[in-house]
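Undergrad:
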Amino acid sequence: MEFIDITEGKEPFAGEYIYHVPTRGIVLCGGYDPEKDSVQVYGGGKVFRDRLTNFKKIKTPTALRVLPTRSCGGCKG
43 MEFIDITEGK EPFAGEYIYH VPTRGIVLCG GYDPEKDSVQ VYGGGKVFRD RLTNFKKIKT
103 PTALRVLPTR SCGGCKG
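At position 64 of the sequence shown (counting the first as 1) the number is 106 in the numbering used here, and the numbers step up by one without a gap.
1) Once the 5 residues before and after residue 46 are set aside, which same chain residues still bring their CB inside 8 Å of it?
2) Which residues in the same chain have their Cβ closer than 6 Å to the Cβ of residue 103, if we skip the five residues on either side of it in sequence?
3) Give every residue of the same chain whose Cβ lies closer than 7 Å to the Cβ of residue 90, excluding the five residues on either side of it in the sequence, and list them in chain order.
4) Where do the ends of the beta strand (DSSP E) carrying residue 86 lie?
5) Using a Cβ-Cβ cut-off of 8 Å (strictly less than) and excluding sequence neighbours within five positions of residue 62, which residues of its own chain qualify?
6) For residue 71, report the span of its beta strand (DSSP E) as first-last.
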């Protein structure tokens, strides 16, 4: 698994899994507060807030990204 430093323009968003460096664990992002430069996350059975510098984004290979699917169109009536 590869991790990417969080830079301006690549801030985490709610619902995204990110890596927490101090605990060396994957956590679920609950929200990013740019004014306080902190991220609220859920991980290890609790909700906590930490500085943005303590997190990294998880690099996802293009082949694993979920693509939108289309319906067959048979139920449109």
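Using N, Cα and C, we set each Cβ at its ideal position, and we do this for glycine too. Predicted model, so just to flag it, every value in this text is computed and none were measured.
TA: Walking through what the data contain:
1) The residues 52, 98, 99, 100 and 101, in chain order, have a CB closer than 8 Å to that of residue 46 in the same chain once the five nearest residues on each side in sequence are set aside.
2) Take residue 103, set aside five residues on each side of it, and no residue of its chain has a beta-carbon closer than 6 Å to its own.
3) Cβ neighbours of residue 90 beyond the five flanking positions: 83.
4) If you look at residue 86, you'll find it isn't in any beta strand (DSSP E); DSSP assigns it neither H nor E.
5) The answer, listed in chain order, is 68, 69, 83, 85, 92, 96 and 97.
6) It spans 67 to 75 - the beta strand (DSSP E) in which residue 71 sits, taken as one unbroken run.
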